[in-house]
Amino acid sequence: MKKKVLGTLLSVAMVASMLVGCGGGEAETAAPAATDAPAATEEAPAADAPAADAAEAPAASGGKKVGVAMPTQSSERWINDGANMKAQLESLGYEVDLQYAEDDVQAQVSQIENMIASGVNCLVIASIDSDALVNVEAQAKDAGIPIIAYDRLLMNTDAVSYYATFDNKGVGTAIGKYIEENAGLDPADPKTIEFFMGSPDDNNAHMLYAGLMEVLQPYLDNGALVCKSGRTSFDDTCILRWSQETAQQNCENYLTGFYADEDLDICATAFDGFAYGCKAALEGAGYTDANWPMITGQDAELMATKNIISGKQTMSIYKDTRLLAEKCVTMVQAVLEGAEPEINDTEQYNNGKIVVPSYLCTPVAVDQSNYKEIIVDGGYYTEEQLAAE
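Structural data, given as structure tokens:
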């Protein structure tokens with residue numbers, strides 16, 4: 021029943037090559053993410069979250085300036101994060117310099133240098149490659165500017181004060197447990213699986229992989245899960261810069277090389293963008309509803325949630341960026357007012373120089389059974405957004 025038609029694969033390859041350079045691997049979502057994702061743009065629900073607590077804060081801010089360095093606008097979640105944080109900080113009376121580096125490491129270095137030169141009082145950094153930021157972070161420390169790492173740990177530096185993130189190992193654990201509980205794992209009826217893990221220069225990706233494999237390795241060992249490519253290590257499955265195009269190419273290669281005579285049952289991906297890439301590869305290879313595999317993801321982007329509703333993606337990890345932005349904003353406010361911010365982890369996040377005090381938000385798995393309760397009722401997306409083409 022195999023699906024490998026040469027002309028189809030060539031067409032998919034041509035499309036993939038045309039998409040390279042669009043940035044960040046959002047071939048399926050780049051346009052709609054910028055226009056359809058109201059959490060960051062039209063509605064900005066996060067902006068309302070801290071407003072009541074901050075009613076008197078503008079006067080207390082003293083005209084202080086916060087630099088926010090984000091990695092890219094090619095992914096919906098970073099657009100939302102940046103917009104939510106800017107709105108919340110401005111509601112507290114702070115001036116905000118929000119910059120996106122479009123996954124260009126040197127551009128992010130330059131942006132942070134400019135923020136330091138402009139006299140920011142605090143830096144919030146979601147890094148592209150944190151090792152490349154060590155020198156500029158030292159400049160900030162020498163200038164007396166505190167740094168808060170946002171969702172991506174800043175490695176090999178003692179200049180970072182705090183870290184706001186989701187429980188990254190918990191994200192991997194949640195994906196693994198979803199597969200464990202829903203894929204019918206039984207050595208007598210093995211399921212095939214391929215892995216698509218995050219960027220090797222992102223500490224989050226390593227922690228996610230650790231959580232995932234803590235759950236799934238026993239099933240690989242007992243034969244309930246079979247990875248026909250043999251690519252199960254982090255080094256073999258990581259995808260630089262979280263590239264959707266690379267995920268699609270990898271999936272195409274797996275389907276061609278290992279699944280010509282057997283269906284792929286599970287695409288264990290660490291990011292919604294990877295899920296989009298796998299979806300495109302599977303469609304190009306002729307998969308239909310009759311043999312569509314389980315596909316995991318992370319971020320519960322608007323397009324991912326639509327794909328969950330349609331059955332083209334099985335689940336995603338919902339990370340309410342409004343909450344994460346709010347927690348980071350409270351860190352900024354505490355630091356600038358000389359107070360101690362709320363933290364709930366002082367052990368997990370050793371960056372090679374120090375253990376960074378952190379606040380970890382809890383990730384939640386969403387699928388067809390609970391997306392309405394969690395995402396719609398929670399005000400993250402509306403039914404109208406999810407129904408829009």
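For reference, each letter of the sequence shown is one residue, going 21 to 409 in the numbering used here. Beta carbons: idealized from backbone N, C-alpha and C, even for Gly. Note that the coordinates shown come from a computational prediction; the quantities given were computed from them, not determined experimentally.
Near F291, what residues of its chain come up, given a Cβ to Cβ distance below 7 Å and the 5 sequence neighbours on each side ignored?
G218, W262, G317, Q318, D319
What are the complete alpha helix (DSSP H) segments, minimum 4 residues, inside the stretch 167 to 223?
188 to 202
Through-space distance from G87 to I132, alpha-carbon basis
8 Å
Cα-Cα, which of E96, D340, L302, A407 is closest to V330?
According to the sequence displayed, residue 330 carries Ser and not Val. Checking every option, the nearest Cα to that of S330 belongs to A407.
Can you look up G372 in the DSSP assignment and give me helix, strand or coil?
coil
Report the rounded CA-to-CA distance for Q268 versus Y296, giving the unit in angstroms.
8 Å
A288: first and last residue of the uninterrupted beta strand (DSSP E) it sits in
286 to 289
P383 burial status per 10 Å Cβ neighbour count (16 or more: buried):
buried
Separation of L153 from G82, as counted between CA atoms:
29 Å
Are there 16 or more other CB atoms within 10 angstroms of the CB of S95, so buried, or fewer, so exposed?
buried
Check whether L232 and A280 have beta carbons under 9 Å apart
no
Applying the criterion that 16 or more other CB atoms from any shown protein chain within 10 Å of the CB defines a buried residue, is A163 buried or exposed?
exposed
Within 9 Å, strictly: CB atoms of A345 and M105:
yes
Under 8 Å, with one C-beta from each stretch per pair, do the stretch 186 to 199 and the stretch 355 to 363 reach the 3-pair mark?
no
Rounded C-alpha distance that separates E409 from A158
47 Å
Exposure of L260, with buried meaning 16 or more beta-carbon neighbours within 10 Å:
exposed
Relative to the C-alpha of Q237, which residue among I213, Q264, T366 is closest?
I213
Between which two residues does the beta strand (DSSP E) containing D319 stretch?
Element bounds for D319: n/a, residue is neither H nor E.
Answer with buried or exposed for E46, where buried requires no fewer than 16 other C-beta atoms within 10 angstroms of its C-beta.
Confidence in E46 is poor, its pLDDT being 37 and thus under 50, which makes the residue's placement too unreliable to answer from.
Are the CB atoms of C381 and K339 nearer to each other than 9 Å?
yes
Between I195 and the rest of its own chain, which residues show a CB-CB distance below 6 Å, the 5 nearest in sequence each way excluded?
L232, T316
Quick one, which of S111, S130, Y114 has its alpha-carbon nearest M90's?
S130
If you draw a straight line from the alpha carbon of S138 to that of G250, how long is it in whole angstroms?
51 Å
Start and end residues, beta strand (DSSP E) containing K347:
No beta strand (DSSP E) holds K347; the alpha helix (DSSP H) holding it covers 341 to 356.
Selected residue, minimal CA-CA separation from T325, among V396, I363, D124
V396
When DSSP labels each residue in this structure, what does E404 get in the three-state scheme?
helix
Is the beta carbon of S181 less than 9 Å from the beta carbon of I168?
yes
Could you check which residue in A127, L228, G277 has the C-alpha nearest to that of S253?
L228
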